[in-house]
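**Q** Numbering of the sequence shown is given in the working numbering, commencing with residue 458 and proceeding in unit increments.
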Amino acid sequence: MWLLHVLIEHASLQLDRPFSYVYEGSIKHRRGFRVLVTFNHQKLVGYVLDSEHVDQTIAQLQATTSHRLLPIDALLDEEPLLNEELLQLALELAHDNFWPRISVLQAMLPLSLKPKKTALKGPKIAYETFVRVIDECETNLTLKQIEWLRIIANEQPFNKRDCRSPSVLQQLLDKGKVDFYRREKRRLSIEESPVERAPQLTSAQQEAIAATLASNAEVYLLQGVTGSGKTEVYLALSERVISAGKTVLMIVPEIALTPMMVAYFLKRFSGKVAILHSELTPGEKYDEYRRIARGEATIVVGARSAVFAPLCNIGLIVLDEEHVETYKQDTLPFYHARDVAIRRGKTHGAKVILGSATPSLESRARALKGVYMHLRLPDRINAMALPYTHIVDMLDPRNIDRESSLFSLKLRQAMSETLTKQEQIVLLINRRGYAPTLSCRQCNHVFKCPTCAIALTYHQHDHMLKCHHCGYLEAYPAICPDCNGTYFFKQGFGTERIVEETKRLFPSARILKLDSDSSKVRQTIARTLKKFANHEADILIGTQMIAKGHDFLKVTLVGLVLADIGLTLPSYRSSERTFQLITQAVGRSGRGQTPGRAIIQTYAPNHYAVTLGATQDYEQFFKTEMYQRKLANYPPYTYLMLMTLSGKSEDLVIQVADTLAHMVIEKLDRDIELLGPSSPYISFLGGVHRRVILIKYKRFDIIEGPIREIVELLSQKTLVRLAVNLDPYDV
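(1) Apart from the five residues on each side of it in sequence, which residues of its chain come closer than 6 Å, Cβ to Cβ, to Ser1172?
(2) Which first and last residues belong to the beta strand (DSSP E) in which Asn1182 is found?
(3) For chain D, check one thing: does any of its Cβ atoms lie closer than 8 Å to the Cβ of Arg801?
(4) Taking only runs that begin and end inside the region 888–924, name each unbroken beta strand (DSSP E) of 3 or more residues, in chain order.
(5) Could you spell out where the beta strand (DSSP E) holding Gly812 opens and where it closes?
(6) Quick one: is Asp1158 buried, meaning 16 or more other Cβ sit within 10 Å of its Cβ, or exposed?
(7) Find the nearest neighbour of Val682 within the set His793, Ile559, Thr815 and Pro656, judged by alpha-carbon distance.
(8) Could you round the C-beta distance between Lys634 and Asp592 to whole angstroms and report it? I think they count as a contact, below 8 Å.
(9) Are Ile882 and Val1043 close, meaning C-beta to C-beta below 8 Å?
(10) Judging by CA-CA distance, which residue of Lys1105, Gln786, Leu825 and Ile996 is the nearest neighbour of Pro964?
(11) Can you check the region 964–996 for any beta strand (DSSP E) of at least 3 residues that lies completely inside it and give the ranges in chain order?
(12) Could you give the first and the last residue of the continuous alpha helix (DSSP H) run that contains His805?
(13) Compute the beta-carbon to beta-carbon distance between Ala892 and Tyr915, rounded to the nearest angstrom, for a pair I have assumed lies under 8 Å.
(14) If you reduce the DSSP assignment to three classes, tell me which class Ile465 lands in.
(15) Just verifying my parser: in three-state terms, what is the DSSP assignment at Asn554?
(16) What's the call for Ser1224, buried or exposed, on a 16-neighbour Cβ count within 10 Å?
(17) DSSP puts Gly503 in a beta bridge; with which residues?
(18) According to DSSP, is Phe476 helix, strand or coil?
(19) Taking the beta carbon of Glu736 as the centre, do at least 16 other beta carbons fall within 10 Å, making it buried, or is it exposed?
(20) Report the three-state DSSP secondary structure of Arg1156 (helix, strand or coil).
(21) Contact between the region 813–831 and the region 665–679: three or more CB pairs below 8 Å?
(22) Work out the CA separation of Thr715 and Ile982 for me, nearest whole Å.
(23) Look up Met841 in the DSSP assignment and say whether it is helix, strand or coil.
(24) Considering only the alpha carbon of each residue, which of Lys987, Phe945 and Leu811 lies closest to Ala713?
(25) Once the 5 residues before and after Gly1070 are set aside, which same chain residues still bring their CB inside 6 Å of it?
(26) Could you pull the start and end residues of the alpha helix (DSSP H) that Phe1036 belongs to?
(27) Please identify the residue among Phe1079, Glu1082, Arg800 and Val781 whose C-alpha is closest to the C-alpha of Met773.
(28) Does DSSP classify Asp636 as helix, strand or coil?
(29) Given Glu466, which residues of its chain have a CB within under 7 Å of its CB, disregarding the five upstream and five downstream residues?
(30) When you compare each of Asp777, Ala807, His805 and Gly806 to Ala1203 by their alpha carbons, which one comes out closest?
(31) Comparing alpha-carbon positions, which option in Asp1184, Gly949, Asn1182 and Thr755 lies nearest Val698?
(32) Please look up how many angstroms separate the CB atoms of Leu706 and Ala750, rounded, as I've assumed it's under 8 Å.
(33) Locate the alpha helix (DSSP H) running through His1119, then write down its first and last residues.
(34) Output yes or no for whether 8 Å exceeds the beta carbon distance between Met408 and Gln519.
(35) Three-state secondary structure (DSSP) at Pro716?
(36) For Ser1046, collect the residues of the same chain with a Cβ closer than 8 Å to its Cβ; drop the 5 residues on either side in sequence, then sort them by chain order.
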């Protein structure tokens, strides 16, 4: 008899404890596998955290506990889902960050292996059937049978589906001449490239590589201007690591960057690369995950969740564009890929490289303190100058183009000149859809999401209103619900509107669009980028996903249609994000042999994030922004903890938030600065009301104990949920 201690699939602090079940069969491992159980009259999937063998009957066990012991309904796995390193990592992350343990386990695993009931419908292993000859004797065979027996023998491995005479194949099987065997099929098809030799490295690249290999530091900040060749440094270090018999984990911030990075690595390490990102089908991701776990790949390239890839003996972990906010997950568990990478690096003794042209202030501050080793690539790889930039003040009527309400005279003229020269253009507007707000002209009613209470965005391509936070959809209205009016005003603009305007002004130009809407159709991102790289289009219009990492040699003009859009967001990071976006976008221009330029349209032409982003002056921006952060006591001068309370009853959420604030102040008044309780930017999300409390602190070891006591106390409340987010991004 086995007593299994099981974590239930519901990711809540209230249920973050093992529940005991009994099992009378045999198990191969003590923990790490899934079981199907009955919990509160529901069939749920659980994760066995531990188990113990007992020499008692169920009745005897039941007599020792006040809880009713139930048998498990089914054993779902024969082997542990995670190796010991990843399981220990999951438990440590959950403990250190006040998360339910099951939430981390679910984040680590692909759909088919998640401890969730939905995983039971996930894809399983796909097999192909092959044929092999087991008796070559041709006696008593017809000529047709002999022909196919010889074909099968000569064409090994021979796939059963390739046989054009199934009846003959069946006859050979019946006579004992051949048999069938199955082999696992890899559903992901990767186009292999001829292996390329590494190019001649610049002296700066060689110095960065030599310094990394010679140092015993754990984390390295590789800071290089846009186009300075950071990717070649990653590749060169990967070659050294793989030649030493170790593996490489390469993380990129956007799905849009993954195909390009995969292509770079395939050209150097053919057949050794695996891919993990959300654009793969569940079946493809399942296959890739198992392939990595079996040790068949020595390099993994992927987006944020790939940091949990089941690689063994890791020698190098790289986070490209380490400053990008998508490395921080905004739902439970709130992990940052950088922090997970550093933890795994310590476990494996691997070098962790954080690469960026515009490092986050936290990373740069740690480099200045010597926590990270600082490496620099100060010049572009082809010795070309950085793009010429021009800031256009959209409040100055002299800059307004009578032909367009969206493009300035300067930008439209530059686009016309670039197209005439048959060069390429990138236009960036960090807002998708056609218009961010739809309102009634008669009564000014604004159409809002019923579950989030924020304005719905109008999308012209399918004539629908959409919520960009919860995914709610609504048909375009025929009449206003307040006044029955039939005329509506589309306020603002996004990528769709820019595409429409560009087509009107330049009807002969070939235009492509790339934003997160594009990723809804698989392979659209990769196809779009490939088309643009092959000069099958003249203009690429998109959101921030086109601003980072891409290497388009024929792009000589970048236009930021509204560069200061991020400055309006209520976040202490708004200036940093705006500077990084401008710098990265400008860096897409002039990466080939022709000098590039960038036109930056803005309503805040004198803001330091705009002016310094235009000149690519990171050092001055760092000094200016650090001064602002110090005045306001924000990271990296302090640490943040965001406590979010949510529930169906707004009054109850407010009451519990006030109680929580009083408890925190009572226990930690001298060691923290507390802001709130307050309403977040989106106070009603997904049908629940929210209140937040922000805690600023200097030392985690001082506040950890009291906060843990408070979290455990509040976890007993069932009508209000508490979520703790260390180092939040959106505050």
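Virtual Cβ for every residue (Gly too), placed ideally from N, Cα, C.
**A** Per the coordinate set shown:
(1) Here residue 1172 refers to the residue found at position 715 of the sequence shown. The residues are Leu470 and Gln471.
(2) Against the sequence shown, residue 1182 aligns to sequence position 725. Here the beta strand (DSSP E) through Asn1182 covers Arg1178 to Leu1183.
(3) Included in the structure is just one protein chain, with no chain D present.
(4) 894–897, 914–916 and 921–923
(5) Sequence index remark: in the sequence shown, residue 812 carries index 355 (1-based). Taken as a continuous stretch (DSSP letters only), the beta strand (DSSP E) holding Gly812 covers Lys808 to Ser813.
(6) As a position in the sequence shown, residue 1158 is number 701, starting the count at 1. The residue in question, Asp1158, is exposed, as its Cβ has fewer than 16 Cβ neighbours within 10 Å.
(7) For the purposes of this step, residue 682 is identified with residue 225 of the sequence shown, where counting begins at 1. It is Thr815 whose Cα lies nearest to the Cα of Val682.
(8) For this step, residue 634 is matched to residue 177 along the sequence shown. For this step, residue 592 is matched to residue 135 along the sequence shown. The Cβ separation is near 5 Å, so the contact holds.
(9) For the purposes of this step, residue 882 is taken as residue 425 along the sequence shown, with counting starting at 1. For the purposes of this step, residue 1043 is taken as residue 586 along the sequence shown, with counting starting at 1. No, the pair does not count as a contact, with Cβ atoms beyond the cut-off.
(10) Position 507 of the sequence shown, counted from the first residue, corresponds to residue 964. Pro964 has its Cα closest to that of Ile996, out of Lys1105, Gln786, Leu825 and Ile996.
(11) 968–971
(12) In the sequence shown, the residue the question calls residue 805 occupies position 348. Where His805 is concerned, the enclosing alpha helix (DSSP H) stretches over Ala794 to His805.
(13) The residue you call residue 892 lines up with position 435 of the sequence shown. The residue you call residue 915 lines up with position 458 of the sequence shown. Correct: roughly 5 Å between the Cβ atoms.
(14) Taking the sequence shown and counting its residues from 1, one reaches residue 465 at position 8. In the structure shown, Ile465 sits in a strand (DSSP, three-state: E or B).
(15) Walking along the sequence shown from the start, residue 554 turns up at place 97. Correct three-state label for Asn554: helix.
(16) Limits of the chain in this structure are 458 at one end and 1188 at the other, which puts residue 1224 out of reach.
(17) Residue mapping note: residue 503 aligns to position 46 of the sequence shown, counting from 1. Bridge partners of Gly503: Ile465 and Val492.
(18) As a working mapping, residue 476 is identified with position 19 in the sequence shown. Here Phe476 sits in strand by DSSP.
(19) Start at 1 with the first residue of the sequence shown, and residue 736 comes out as number 279. Buried, by the Cβ-count rule.
(20) For the purposes of this step, residue 1156 is identified with residue 699 of the sequence shown, where counting begins at 1. DSSP places Arg1156 in coil when its eight states are reduced to three.
(21) yes
(22) Reading the sequence shown from its first residue, position 525 is the one you call residue 982. Reading the sequence shown from its first residue, position 258 is the one you call residue 715. The straight-line gap from Cα to Cα measures roughly 10 Å.
(23) Position 384 of the sequence shown, counting from 1, holds the residue named residue 841. It is coil, neither helix nor strand.
(24) Here residue 713 is taken as the residue at index 256 of the sequence shown, counted from 1. Nearest option by C-alpha distance: Lys987.
(25) Your numbering for residue 1070 matches position 613 in the sequence shown. Hits under 6 Å: Phe1036, Ile1039 and Thr1040.
(26) The count along the sequence shown starts at 1 and reaches residue 1036 at position 579. Counting along the chain, the alpha helix (DSSP H) containing Phe1036 begins and ends at Ser1031 to Val1043.
(27) Sequence index remark: in the sequence shown, residue 773 carries index 316 (1-based). The amino acid at residue 773 is misidentified as Met; the sequence shows Leu. Minimum Cα distance to Leu773 is reached at Arg800.
(28) On the sequence shown, residue 636 is found 179 positions in, with the first residue counted as 1. Strand at Asp636.
(29) One-based indexing of the sequence shown puts residue 466 at position 9. Correct list, in chain order: Leu501, Val502, Gly503, Ile559, Pro572, Lys573 and Lys574.
(30) Because the chain is modelled from 458 through 1188, residue 1203 falls outside the range shown and cannot be assessed.
(31) The sequence position of residue 698 within the sequence shown is 241, counting from 1. Closest option to Val698, Cα to Cα, is Thr755.
(32) Residue 706 sits at position 249 when you count from the first residue of the sequence shown. Residue 750 sits at position 293 when you count from the first residue of the sequence shown. Their Cβ separation, rounded to whole angstroms, is 14 Å, which puts Leu706 and Ala750 out of contact at 8 Å.
(33) Position 662 of the sequence shown, counted from the first residue, corresponds to residue 1119. It spans Glu1107 to Leu1125 - the alpha helix (DSSP H) in which His1119 sits, taken as one unbroken run.
(34) There is simply no residue 408 to check, as the chain begins at 458 and stops at 1188 in what is shown.
(35) Taking the sequence shown and counting its residues from 1, the one referred to as residue 716 is at position 259. Helix at Pro716.
(36) As a first step, residue 1046 is located in the sequence shown; it is residue number 589 there, counting from the start. Excluding sequence neighbours, Ser1046 sits near Pro844, Val883, Val1012, Thr1013, Leu1014, Val1015, Gly1053, Arg1054 and Ala1055.
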